[in-house]
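Visitor: Pasting a structure below so you can have a look.
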Amino acid sequence: MCEQAQAETLKEELFKNSKNGYFRAQSDDIDGAYDFCEGYAAFLNANKTERLFAKGAVALAQQHGFVAFEKGKVYQPGDKIYVLHRNKAVLLCVLGSDPVVNGVQIAAAHIDSPRLDLKPNPVYESGELAYFKTHYYGGIKKYQWTAMPLALYGVVVKADGSQVEVRLGDQPGDPRFVITDLLPHLGVEQSKRTLGEGIKGEELNILIGSRPFNDSKASETVKLQILQLLNEKYGITEADFTSAELELVPAYDVCDIGFDRSMIGGYGHDDRVCAYPALMAALHTEHPKKTILTVLTDKEEIGSEGNTGLQSAYMKNFIYDLAAMQGAAGYTALSHSMCLSADVNAAFDPTFPDVFEKNNAAVLNGGVVITKYTGSRGKSGTSDASAEYMGFIRKMLLDHHVVWQTGELGKVDAGGGGTVAMYIANLDVDTIDLGVPVLSMHAPFEVVAKLDVYMAYRAFCAFFDI
Ligand code: MN
Ligand code: MN
């Protein structure tokens, strides 16, 4: 063998294989990816908020034989149970043939996404136009949310305690809402602002009407007209907004991106692009050895706080209940459990290469991303998975021919971010981040690659097949 060929052979053996995922995937993976993403796109279009996603997930689970968990009831291996937690989070569990105390395989993704929430006193009139005041939820670039159609979703609890659901702007013919921006002709001063201040928090005002009520002498007649319409349609008054959770999200559907249709653009990939594959993997798991649990959680985007976020005890309590059902200690079950914290990572963006360190950045079509640690400033705010657990997951992915890559969120000290991983690791569970790389993360229109979405699903299936 000539020296050059010898070097090539040795490189093949010793260098890491970081070829594009299309060259590492098996023959039926590409068609599988395109097919899988049809279902994903449809589910995303129908479920643009955490409440809708939770409800949609439960409906699908019921179709797949899952029944509502009853505390105190004894379940058998193979039984499928779910918990709808406060309408905003879901637990989907299939009992394993091994006892629960041997550990639970947990896949945890979040179903809340950055958005605009209405303030408790949102309605006002200015310049004979009616508006909603908003308070943004999660990390957004505020300027990205102007001049595009928005839909309104949520619930209002009325003074008598009854509840009304609001869903307006996602059906053909529905009216939509918008935040107006300044025309460039008069934007001389605005364009001197920093990008972060281009649109300020108190400028995220939603235009909701312009037609005055039929009495020109009264003041605030446009607002009055809107409140009358809301009263007719939903039976609510201005005071009812105080006990409401109403969210504005982009009104448009997801769509294929690129001539090759290899990507999907749309709102809320973070983190429904992991939640949907984790949901599907749970629905498709029959008679597992270990008990499997998909957790679809809320509030990750604001720090996993609150009783629907993973800093609360709801997931832990459920595992304690399962262990108690078999006469075992919950903490022992947790200490033997494994978790894939299923969240997105940033994909390398060739237009903005400076913030990435190329050897350690995830790329689109590189497969599902494993992130050993997140956090910022010297690994602060992360659980940092062990070499042993990383090695276990690596072997699992190799054994199942899942296309995967590693990814670190940007250059050291370029910024950072966190996931639910550390809150689950804090329960003494082996935890690592595994998810889908995203371009334009947290924008109202994010981009993912179909192959990566499918590889996330394949990874969760492998994890549930331990
Ligand atoms: Mn996320
Ligand atoms: Mn996020």
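Take 6 as the starting number for the sequence shown in this note's numbering and just add one per residue. C-beta: ideal position from N, C-alpha, C; glycine also.
So for P282, helix, strand or coil by DSSP?
Guide: Helix.
Visitor: Is I375 closer than 8 Å to T411 when the C-beta atoms are compared?
Guide: Result yes, Cβ atoms of T411 and I375 sit closer than 8 Å.
Visitor: Going along the chain, which residues of its own chain have a beta-carbon closer than 6 Å to the beta-carbon of F465, five neighbours each way excluded?
Guide: The residues A112, P282, A283 and A286, in chain order, have a CB closer than 6 Å to that of F465 in the same chain once the five nearest residues on each side in sequence are set aside.
Visitor: Going by C-alpha distance, which of I211, T226 and L209 is nearest P217?
Guide: T226
Visitor: Assuming I324 and G335 are in contact, meaning their beta carbons sit under 8 Å apart, how far apart are those beta carbons, in whole angstroms?
Guide: Rounded to the nearest angstrom, the Cβ distance from I324 to G335 is 6 Å, consistent with a contact under 8 Å.
Visitor: Tell me the DSSP bridge mates of E252?
Guide: D122 and Y158
Visitor: For C260, name the three-state secondary structure that DSSP assigns.
Guide: Looking at C260 - three-state DSSP - the assignment turns out to be strand.
Visitor: Pick out every residue whose C-beta is nearer than 6 Å to a heavy atom of ligand 2: which are they, in chain order?
Guide: D275, E306 and H447
Visitor: List the residues that DSSP assigns as beta-bridge partners of N350.
Guide: For N350, which the question treats as bridged, DSSP gives the partners P442.
Visitor: Which residue wins for smallest C-alpha separation from V349, given the options Y87, Q31 and V458?
Guide: Of the candidates Y87, Q31 and V458, the one whose C-alpha sits nearest the C-alpha of V349 is V458.
Visitor: Tell me the residue span of the alpha helix (DSSP H) that contains K228.
Guide: Unbroken alpha helix (DSSP H) run through K228: T226 to Y239.
Visitor: Look at the alpha carbon of F74 and the alpha carbon of S23, and state the distance between them as a whole number of angstroms.
Guide: 44 Å
Visitor: Compare the Cα-Cα distances from N210 to each of G273, I269, Y141 and H190 and report the closest residue.
Guide: Y141
Visitor: Taking the alpha-carbon positions, what's the E130 to E451 distance?
Guide: In a straight line, the C-alpha of E130 is about 33 Å away from that of E451.
Visitor: Count the other C-beta atoms from every protein chain shown that fall within 10 angstroms of the C-beta of T139, then say buried if there are 16 or more, exposed otherwise.
Guide: buried
Visitor: Taking the alpha carbon of K76 as the point to measure from, which residue in G70, A66, P82 and Y87 has its own alpha carbon closest?
Guide: Y87
Visitor: Using the DSSP secondary-structure output, state which residues sit across from G270 in a beta bridge.
Guide: BP columns for G270 point to C260 and V452.
Visitor: For L100, collect the residues of the same chain with a Cβ closer than 6 Å to its Cβ; drop the 5 residues on either side in sequence, then sort them by chain order.
Guide: Y80, P82, D84 and T296
Visitor: As a quick exercise: from D245, L89 and I437, pick the residue whose alpha carbon is nearest that of Y319.
Guide: Here the closest residue by C-alpha is L89.
Visitor: From A461, E55 and G332, pick the residue whose C-alpha is nearest to that of V106; which is it?
Guide: G332
Visitor: Could you check whether the Cβ of D457 sits closer than 7 Å to any heavy atom belonging to ligand 1?
Guide: no
Visitor: For H115, count neighbouring C-beta atoms within 10 Å of its own C-beta (all shown protein chains included) and say buried if the count is 16 or more, exposed if not.
Guide: buried
Visitor: Beta carbon of T376: closer than 7 Å to some heavy atom of ligand 1?
Guide: no
Visitor: In the stretch 319-380, which residue ranges form an unbroken beta strand (DSSP E) of at least 3 residues, counting only runs that do not cross its ends?
Guide: 343-346 and 373-376
Visitor: Who are the near neighbours of M268 in its chain, counting only those whose CB is closer than 6 Å to its CB and skipping five residues on each side?
Guide: I262, V452 and A454
Visitor: Closest by CA to D165, which one among P127, G132, A244 and G192?
Guide: A244
Visitor: Which one of W150, A328 and F469 has the shortest CA to CA distance from A256?
Guide: W150
Visitor: Going straight from the alpha carbon of Y27 to that of G44, what length do you get?
Guide: 21 Å
Visitor: May I ask you to verify whether the stretch 299-317 touches the stretch 350-367, counting CB pairs closer than 8 Å and requiring at least 3?
Guide: no
Visitor: Which one or two residues does DSSP pair with Y142 in a beta bridge?
Guide: R120
Visitor: Roughly how many whole angstroms lie between the Cα atoms of G108 and V183?
Guide: 48 Å
Visitor: How about D40: is its Cβ closer than 7 Å to a heavy atom in ligand 1?
Guide: no
Visitor: Beta-carbon separation of V128 and F246 under 8 Å?
Guide: yes
Visitor: Does the pairing of the stretch 425-442 with the stretch 382-399 give three or more beta-carbon distances under 8 Å?
Guide: yes
Visitor: If G61 and N52 are in contact, beta carbons under 8 Å, what's the gap, nearest whole angstrom?
Guide: 4 Å
Visitor: Return the chain-ordered list of same chain residues with a C-beta closer than 6 Å to the C-beta of H69, the five sequence neighbours on each side being excluded.
Guide: L288
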